[in-house]
Structures are given as C-alpha cells and as structure tokens.
Amino acid sequence: MLSKLFKIVFLISSLVVSSVTFAEDIIGNSFDDLVPQLTTNSYKQKEQIIEVLSTVDDDRVLGVFKEMLEGRLHYYKEDKRIVFIKEKDEAYEITDVITNDVIGQVDKYDIKKVSVNNTLRGMLRARIAKLSLKNKNPETRLSAVFQIISDLDEEAVALLREREGMESDADVLDAIKTGLAIVDVQSKDKTKRLNAIALLKESLLREAKQALDALVKKDESGQYLEQDAEIRKLAQSAISTIESRREVSAFAETVFFGLSLGSVLLLSAIGLAITFGVMGVINMAHGELMMLGAYTTYMIQNLFPGSLEYSLILSIPAAFVVSGLFGIAIERGIIKHLYGRPLETLLATFGVSLILQQLVRTTISAQNVIVSTPAWMSGSLQINPVLSITYNRLYIIIFSLMLFGVLLYVLKKSVLGLQVRAVSQNRSMAKAMGVRSDWVDALTFGLGSGIAGIAGVALSQLTNVGPNLGQSYIIDSFMVVVFGGVGNLWGTLVGAMSLGVVNKFLEPWSGAVLAKILVLVFIILFIQKRPRGLFPQKGRGVEN
Amino acid sequence: MLLSKYGISFIHNDRGGNILLTALLLLVIVVPVMNLMIPETSALHMSTYTVTLLGKYLCYAILAIALDLVWGYCGILSLGHGAFFALGGYAMGMYLMRQIGDRGVYGNPELPDFMVFLNWQELPWYWSGFDMFWFAAIMVVLVPGLLAYVFGWLAFRSRVTGVYLSIITQALTFALMLAFFRNEMGFGGNNGLTDFKDILGFNLQSDNTRVALFIITTAILALAYIASRYIVNSKLGRVVVAIRDAENRARFIGYKVESYKLWIFVFSAALAGIAGALYVPQVGIINPGEFSPLNSIELVVWVAVGGRSTLYGAVVGAFVVNYAKTYFTGVFPELWLFGLGAIFIIVTIFLPKGIIGLIEKLKQTEVKEPKNESA
Chain A
1491 MLSKLFKIVF LISSLVVSSV TFAEDIIGNS FDDLVPQLTT NSYKQKEQII
1541 EVLSTVDDDR VLGVFKEMLE GRLHYYKEDK RIVFIKEKDE AYEITDVITN
1591 DVIGQVDKYD IKKVSVNNTL RGMLRARIAK LSLKNKNPET RLSAVFQIIS
1641 DLDEEAVALL REREGMESDA DVLDAIKTGL AIVDVQSKDK TKRLNAIALL
1691 KESLLREAKQ ALDALVKKDE SGQYLEQDAE IRKLAQSAIS TIESRREVSA
1741 FAETVFFGLS LGSVLLLSAI GLAITFGVMG VINMAHGELM MLGAYTTYMI
1791 QNLFPGSLEY SLILSIPAAF VVSGLFGIAI ERGIIKHLYG RPLETLLATF
1841 GVSLILQQLV RTTISAQNVI VSTPAWMSGS LQINPVLSIT YNRLYIIIFS
1891 LMLFGVLLYV LKKSVLGLQV RAVSQNRSMA KAMGVRSDWV DALTFGLGSG
1941 IAGIAGVALS QLTNVGPNLG QSYIIDSFMV VVFGGVGNLW GTLVGAMSLG
1991 VVNKFLEPWS GAVLAKILVL VFIILFIQKR PRGLFPQKGR GVEN
Chain B
767 MLLSKYGISF IHNDRGGNIL LTALLLLVIV VPVMNLMIPE TSALHMSTYT
817 VTLLGKYLCY AILAIALDLV WGYCGILSLG HGAFFALGGY AMGMYLMRQI
867 GDRGVYGNPE LPDFMVFLNW QELPWYWSGF DMFWFAAIMV VLVPGLLAYV
917 FGWLAFRSRV TGVYLSIITQ ALTFALMLAF FRNEMGFGGN NGLTDFKDIL
967 GFNLQSDNTR VALFIITTAI LALAYIASRY IVNSKLGRVV VAIRDAENRA
1017 RFIGYKVESY KLWIFVFSAA LAGIAGALYV PQVGIINPGE FSPLNSIELV
1067 VWVAVGGRST LYGAVVGAFV VNYAKTYFTG VFPELWLFGL GAIFIIVTIF
1117 LPKGIIGLIE KLKQTEVKEP KNESA
C-alpha cells in the first residue's frame, strides 16, 4: 500500500518537475533545491543550474561538479534522486548527493547518467577551478592553480588576477604569479614582459619553459618570430637557467633513487656484514631471515588490524626477536659444528634457507601476502615541479642510516661489541681472558640475524612479501659486503650506497636488467683487482 | 657388493671406478633391450620416459664429475658450474633450433620462431654457423671453456680463493641468468629454445633416437670418468691435490699454482658444457632457468652426498639425489625442499665424505666384526 502511495507521490512530483522543464526556469537557489533539477534533459537549463550552483556557498558543490565532469553523476530512475556511483563488482553502489547516505547497490539499468555536452564540460572545468581557488586548503588551491595554468584562456587569466590580490599562501601566490607571467610575456608592455621573463626563469613548470621557448622560436624562413632582440636574449638565458636547474633536479632525483636502492642494499647487507664480515660465517639463509622479518610484519598487522599506524613500529622489535631467535637456533644447531669449514657452512646454511622458504610456503601461503603501508609512509614530498620524493623511500634511507649508527655503536662501544671484536681477532686469546666465546658467537649471530629481520620489515614496505623475498637479495648483499671489504662496517655503507647510485645512473641508458648485470660484472672484475674489497682489513690476522 | 667382487677390471687399482664402469656397461646393454625388444605389454618393458629420465641423470652425472674435479680435487667450490652446463646446452639448442628450418609455427626458413615473433629481420651474427653440427659441437666445448678461461685467469691470478671465489662464481651465473632472460640477447628470452624436431636428420621423438642418445650419453659418461681418473692419477692431478691441501706450500715449492688451477677449471667447464649439450636433446628444452644459482648449488649437493674427491661418488650422488627429487616432487611436492634442505645439513655435518665415505666406514666395522652382515 505504502509503496503505491509513494509512487503516486513521485509521479506527481515528477510531473511538477517536467512542468518546470517546460517553463525553462529554475526554482530556488540553495544546493538542496538546485541539485534535483539536474535530471532535466535540457542542456540550457543545466547551464543555468550550474551557474547558480557555483554561487552557492556550499562545500558539496565542488564534488558534484567534479563527478559531473567525469560523467559519474547519475540519477536513480525510481525516485529521480541524484546520486554518486561507485562501481562494485558488476553492480553500482549509489550514494545520495544531498544527504550523502549510501542507498545501496543497484543494477546499471536502474540509474541514468546526468549527461553533459562540451559546453557544459568547459563550464564545469572553469567553475571547478574557480571553486578550488577559493578552497580553504592551500594544497587544493595550489593544484587548482597548476590545473588552470595547464589550460590558460582569458577567463582563467581573469580568475588568476582576481585571486592574486587575495591569496595569502606564499606558494600559491608564486604559482599564480608564474601563471600570469606566462600570459604577460606576450603582452605589449615591455617592462611587464621583462618582469615576466625574470619570474618564469625561477619556475620549473613545463608551461613556463614553453612560454619562453615561444619567444626564441624561428619561423620557416629562419626569422625570429619575436622582434625585440633584448627580449630574445633574456629569454634565451632564462631557458638555459631553467634547463640547468632541471638537470640539477634530475640529477638529484637519480641520486635519491640511488641512495634509496643503496639503503635497501645496506639494510640487507648490514646483518651479513656482521655474520660474514666479523665472524667469517657465510650465512646463505640470511635472505630468508629477512623474509621472516617481513612475514613478522604481516603477522603483526593481522594481529592488530585496527592500528595500522603503530603496528609497523611494533614490527621492528618483533622482527628483531623472531629473526634473532631463528639465527641463534641456526648457530647453535648447525654452524657451531662447522667453524673453520667455511664452504661447508655455506652449504649447510643454504639447506636452512630452503627449509625456511618451504616452511613459509606450507604454513602461511605460497602466494605473496599483502603488507599495508601506514598513511604516514605513503605519499610524496613535492620539492619542485620536476622533483618529488616518496616518503617511504625517504624514511627507509633515514632508517637504514640510523640502524647503521646503532650497530656501529654496539660494536665499538658496548661490552658485547668488544668481546665480538676480541673473538674475531684472536679466539684463543679471548678465551684465555675469560670471554665465553661460544656465547659471543651465538649472540653475534643472533644480532646479525635480528638486523636481517629488521631489514625485512623495511623491505615489506617496498616490495612484495613472498617466500622468495630473501633469494632476490642474497647475491646483492654478498656483493655489497665483498665489495666494501669484509670486516668493515664503513666499507659496507660506502659499498651499498655507491652500488645503489651507480646502478641508478646506469639504468636510464641501459635498462634496469642490463644495469644490474653491468654492476655484477663490475664487481666480479673489481674483486679480481682488489680481492679484499674497498676497505681491506689490515694486519697479521688477515691471511687466515 | 656382488659387483665389487666380480666387476670387470677396466682401470687398474680403482675398485669404485670399475664397479661404475661395469654398471654403465650393463645399463647400455639392458636399457635398449628392455625398451626396444621387450614388448610393451611385458612387465620388463622400460618406457621411453624412463629411458629419457635415466639419460637425464647420466648428464647430471657427467656434470657432477666435472664439479668433483674442481671441488673435490682442487678445492675450488664453484657455485656457477650450472652456467657452463647451460652454455653447452644453449650451443646444442641453437643447432637444434636451426634444424627446425621452415617447420616452425611461422614457417620462416631463416629465422627461429621467437625472432619472427620479435620482428627481427635477420639472424644475429652469433647464430651463424650453428646450422652445422660440427660447428655447434666445437662451440659446446669452446664457449664454456673460454668463459672459464677468462674468468679463471682473472680470478686465480689475483688469488681470489675460498668463499670469495664461490660467491663470485654465483654472481657470474646469476648475471648470465639475467642476461639470458632478456629478449634482446637473441636466445629466446624467458622461453628459451624449444620445439626441437630432429638431430642430424633423426627424429627426436622416436624411440630409436632416444635410445641412441642414451647410449651416447652413457659412453660419454664412461669416457669422462676414465679421462678424469687419468687426470687425477697423473702428475698434474697430484699437483692439483697438493694445491688443494696447501696452496702456498705448492707455490713456494715452485709450481705455477694459477696455471694448474686454470687448466683443471677449464677442463671441468668444457666437460660441464658437454653434459649440457647431451641434456638438451633429451629433455627438449633449454631456458635461462638452467643458469639459476639454485641449480648450481644443488649440483654441489649431489657431489657432497655421493662423496667428494672420488669421482664415482659424484655419479652416485647425482643418481641418488635426482632420483629422490623425481620421486618426491611426484609424490609429496611440498616435502621436496624440506628434504633437499635436510640433505644439505645432514651431509655437511654428519656425512662429510658422503655415501661412499659411509660405505667405507661400514666396511671397516665389517672387518672388525665379521659377524655383522648388514653392510
């Protein structure tokens, strides 16, 4: 009964709406009044609605415009409610635009698109830009300005000029000035043009350079399009300034990527530098200890699904403990029996690595697992239009250096470090002085393994976490340790960073795989030349 | 144990070797008879699949002997011997690829299918000559040998030894794997070389060809064994063992350590190449996966399981481990890596001399306690 009644009511109301359509007029001036009228078929009427809507001071307007421009604004056929749609496996989830309530999932035949034509699109773009310019958030305003600059017309220029007077944020104001300068370089007033060139010189925007390029263009007969020689000269020098600054930025970006790769290498090699470098034990299961660290991160995230932000921090000590305990078990169970037989140690620990991989495959999954990134690690830091730095890489560089510092401190200043160094230099003498060398061995190995676990936590934020995670890093990390010089943590740092940077500089002209091959070949040749790495250990104990 | 008493004496004073050669002789007689002459209905019939599987093991055995020469006798633990095997395999694969002619999917008489697919216009220069068997046969030995020569010359001259050498050999095979995965290299990229039709005009799918390949492989294994035994018994072999046990002492006595090491390394690489070349026509494919560091390190475990520095131990290890692998990956696929990992650990800690060492130890106790028949 009730639904029938509703239907009748809707029928009447839609009749009212259609009568409005005939009148070619719009009713009311509030958001709630105007939006339902977008169901009209008349583009002219839609234009009017948009015009009025853009003067309404309501936060929802921008959203409606954006969705409409994208063709995602629909109305529900049953009750003509204007809705946002979201595709959800085969069906659509619709949300009421006015109340922002989720209505539910509907079939695609139940909804109809609010159609737009090109005139409307142009209008919407301009209105969106204008509205965004007024947004309270400076970042939204900045991106609106960039959006406007990428498609400058008279209306847009007028918008920018209007905003220039009111803008309070320095970055946004700079962007607006750059945008206006792009127009001003073509103006009649020479001082204006000179000022504009001076302004554009400071900008790294693509459009700024295009505007300057236009000033030094020649026509087909080889004549400059620009008559004023002084302007041309200034534009030319501005272009070369921009180009060199762009090169600096590109260089900085490559260095950053290189350091980022280097820090990953450092993280994976630093634990190895202890077990291999200090103890002389080849641990082929090192990569798998990293993998265990990454899986610990995954487990912790699943244990505390609500607190993604903190679980990553919690994973660091957890992974250290898990991998460290595994490491101690490996040392006590296997490596202990093989001291002084490095090749056998290599084989036995390789066996351990196979077992650990299979263990993860059978107990967790053979597929990769998903480790989420907390919000504070995603996103990027935009330094200038051509250079942006992603937070996760930035944090991992910082984190790896911190870890390096801590490890250096432990080895140089702590009692354990002293004993480790004593045992590695002269085992029997250390024993004679009362050092429990077998405990030191186990703890050192545990430390190196724990660090591998921490490296795994960091890696879980950069790559896929799967049973093969460790394998892909083991050769690289050995290369780093060998290249840097065994038994020298600083060598590992320099080795990792330089290999990372060199790799990234090779990549643009050789491709990623070939760059890796070249680096490997380089290290193979390097070791032939300097068998003990960049910073060889010196002293009498070396030959053993 | 019966064979050890009644085995034919091929080599003076090498009981293990004589048992091995006798066994190979038996194999070469029995397998063709069981495959070709006994009808399929009979319980004694051996399927062509089994023949090929045995042939594969024999190739692995040659490879294991090659590794035992450098590891067991010279102390060089190469973790990159799979690379030489794969290079030999690729050389043979290239010959087989050229033999396909215009019978490929695209029917191009000049270019292999994958090149047509990649829109290549002409054969790269390094493919020329591979349509001739003798040329490919030379390359099978020459390419791995040359790589080993250059690599060894650089490594041994600058006295890279021990684990360092192991790690850079591993890096070598890893780098080669990455390189061969690239389509631009012109070796079929990811898919490698496959879809072979015939070898020297004989159809690769026919039973007769399979059996012939099996016989050839057995013969070459026997030859490889005899040649390797000859080398390790020669004066050169003695010097190599001396280098293994005390490199500096050998150097100070006046031997050119680098040359000896280089010689044995190159010989071993060439042998590995031959093993690869015999392997490819039998399994019918060669791809960059053969370069993977895991393969090379598995190979080390065959030798370790069988027993180092015995040569025949390497053959035993190759058969035992690979049979176990075939069995377990068929029956309990998820257990195999546990098993392989356990083998690595058990052999290094408890059985440093492998199966052969264990047998000898048991025999010694047998001598002490004559009543014990269990050996």
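Going down the list, the sequences are from chains A and B. Count along the first sequence starting at 1, add 1490, and that's the number in our numbering. Count along the second sequence starting at 1, add 766, and that's the number in our numbering. We treat Cβ as the ideally placed atom computed from N, Cα and C, and that holds for glycine.
Enclosing alpha helix (DSSP H) for residue i [first to last residue]
{"i": "residue 1742 of chain A", "result": "1719-1762"}
{"i": "residue 1112 of chain B", "result": "1102-1116"}
{"i": "residue 1967 of chain A", "result": "1961-1974"}
{"i": "residue 1622 of chain A", "result": "1608-1624"}
{"i": "residue 1880 of chain A", "result": "Counting along the chain, residue 1880 of chain A falls outside any alpha helix (DSSP H), though it belongs to the beta strand (DSSP E) covering 1877-1880."}
Burial state of residue i (16 or more Cβ within 10 Å)
{"i": "residue 1599 of chain A", "result": "exposed"}
{"i": "residue 1853 of chain A", "result": "exposed"}
{"i": "residue 1026 of chain B", "result": "buried"}
{"i": "residue 1131 of chain B", "result": "exposed"}
{"i": "residue 1549 of chain A", "result": "exposed"}
{"i": "residue 1220 of chain B", "result": "As displayed, chain B neither begins before 767 nor continues past 1141, which places residue 1220 of chain B out of reach and without an answer."}
{"i": "residue 1617 of chain A", "result": "buried"}
{"i": "residue 1929 of chain A", "result": "exposed"}
{"i": "residue 975 of chain B", "result": "buried"}
{"i": "residue 873 of chain B", "result": "exposed"}
{"i": "residue 1034 of chain B", "result": "buried"}
{"i": "residue 1753 of chain A", "result": "buried"}
{"i": "residue 1708 of chain A", "result": "exposed"}
Any C-beta of chain A under 8 Å from that of residue i
{"i": "residue 925 of chain B", "result": "yes"}
{"i": "residue 1072 of chain B", "result": "no"}
{"i": "residue 875 of chain B", "result": "no"}
{"i": "residue 856 of chain B", "result": "no"}
{"i": "residue 1143 of chain B", "result": "Lying outside 767 to 1141, the shown extent of chain B, residue 1143 of chain B is not represented and no answer is given."}
{"i": "residue 890 of chain B", "result": "no"}
{"i": "residue 932 of chain B", "result": "yes"}
{"i": "residue 1098 of chain B", "result": "no"}
{"i": "residue 937 of chain B", "result": "yes"}
Extent of the continuous beta strand (DSSP E) to which residue i belongs
{"i": "residue 1592 of chain A", "result": "1592-1596"}
{"i": "residue 1582 of chain A", "result": "1581-1586"}
{"i": "residue 1871 of chain A", "result": "1870-1874"}
{"i": "residue 1566 of chain A", "result": "1563-1566"}
{"i": "residue 1570 of chain A", "result": "That residue, residue 1570 of chain A, is in no beta strand (DSSP E); it is neither H nor E in DSSP."}
{"i": "residue 1601 of chain A", "result": "1601-1603"}
Any C-beta of chain B under 8 Å from that of residue i
{"i": "residue 1837 of chain A", "result": "yes"}
{"i": "residue 2014 of chain A", "result": "yes"}
{"i": "residue 1511 of chain A", "result": "Low per-residue confidence applies at residue 1511 of chain A: pLDDT is 46, beneath 50, and the placement is therefore not dependable, though the value from the model is reported in the following sentence. For residue 1511 of chain A, the answer is no, since every Cβ of chain B falls outside 8 Å of its Cβ."}
{"i": "residue 1851 of chain A", "result": "yes"}
{"i": "residue 1998 of chain A", "result": "no"}
{"i": "residue 2026 of chain A", "result": "no"}
{"i": "residue 1841 of chain A", "result": "yes"}
{"i": "residue 1675 of chain A", "result": "no"}
Heavy atom of the ligand ADP within 7 Å of residue i beta-carbon
{"i": "residue 864 of chain B", "result": "This structure simply doesn't include the ligand ADP, nor any ligand for that matter."}
Expected contact under 8 Å - CB spacing of residue i and residue j to nearest Å
{"i": "residue 953 of chain B", "j": "residue 862 of chain B", "result": "Contact flag wrong, Cβ pair sits at about 13 Å."}
{"i": "residue 1694 of chain A", "j": "residue 1739 of chain A", "result": "7 Å"}
{"i": "residue 1542 of chain A", "j": "residue 1524 of chain A", "result": "6 Å"}
{"i": "residue 948 of chain B", "j": "residue 955 of chain B", "result": "6 Å"}
Stretch-stretch touch, CB-based, cutoff 8 Å, three pairs: the stretch 1788-1799 of chain A with the stretch 1815-1832 of chain A: Touching, no.
Three CB pairs or more closer than 8 Å across the stretch 1114-1125 of chain B and the stretch 1066-1076 of chain B: Short answer: they touch.
Segment contact flag, the stretch 801-814 of chain B with the stretch 991-999 of chain B, C-beta cutoff 8 Å, min 3 pairs: Flag = no, the stretch 801-814 of chain B and the stretch 991-999 of chain B do not touch.
Cβ contact check for the stretch 1722-1731 of chain A and the stretch 1679-1698 of chain A: 3 or more pairs under 8 Å: Touching, yes.
Cβ pair count under 8 Å reaching 3, the stretch 1989-1996 of chain A against the stretch 1944-1958 of chain A: By the Cβ rule, the stretch 1989-1996 of chain A does not count as touching the stretch 1944-1958 of chain A, because fewer than three pairs are nearer than 8 Å.
Cβ contact (3+ pairs, closer than 8 Å) linking the stretch 999-1007 of chain B and the stretch 974-989 of chain B: Here the stretch 999-1007 of chain B does not lie against the stretch 974-989 of chain B, with fewer than 3 beta-carbon pairs under 8 Å apart.
Segment contact flag, the stretch 839-849 of chain B with the stretch 1024-1042 of chain B, C-beta cutoff 8 Å, min 3 pairs: Output reads yes: the stretch 1024-1042 of chain B touches the stretch 839-849 of chain B.
Segment contact, 8 Å Cβ cut-off, at least three pairs: the stretch 871-888 of chain B with the stretch 1081-1098 of chain B: Look at the beta carbons and you see the stretch 871-888 of chain B not touching the stretch 1081-1098 of chain B: under three pairs across the two are nearer than 8 Å.
Any 3 or more C-beta pairs closer than 8 Å across the stretch 1826-1835 of chain A and the stretch 1765-1774 of chain A: Segments in contact, yes.
Cβ pair count under 8 Å reaching 3, the stretch 1934-1953 of chain A against the stretch 1802-1809 of chain A: Between the stretch 1934-1953 of chain A and the stretch 1802-1809 of chain A there are three or more inter-stretch CB-CB distances shorter than 8 Å, so the stretches are counted as touching.
The stretch 1098-1110 of chain B / the stretch 1839-1850 of chain A touching (three or more Cβ pairs under 8 Å): Touching, yes, given that three or more Cβ pairs across the two stretches are closer than 8 Å.
Segment contact, 8 Å Cβ cut-off, at least three pairs: the stretch 887-895 of chain B with the stretch 931-949 of chain B: Contact fails: fewer than three Cβ-Cβ distances are below 8 Å.
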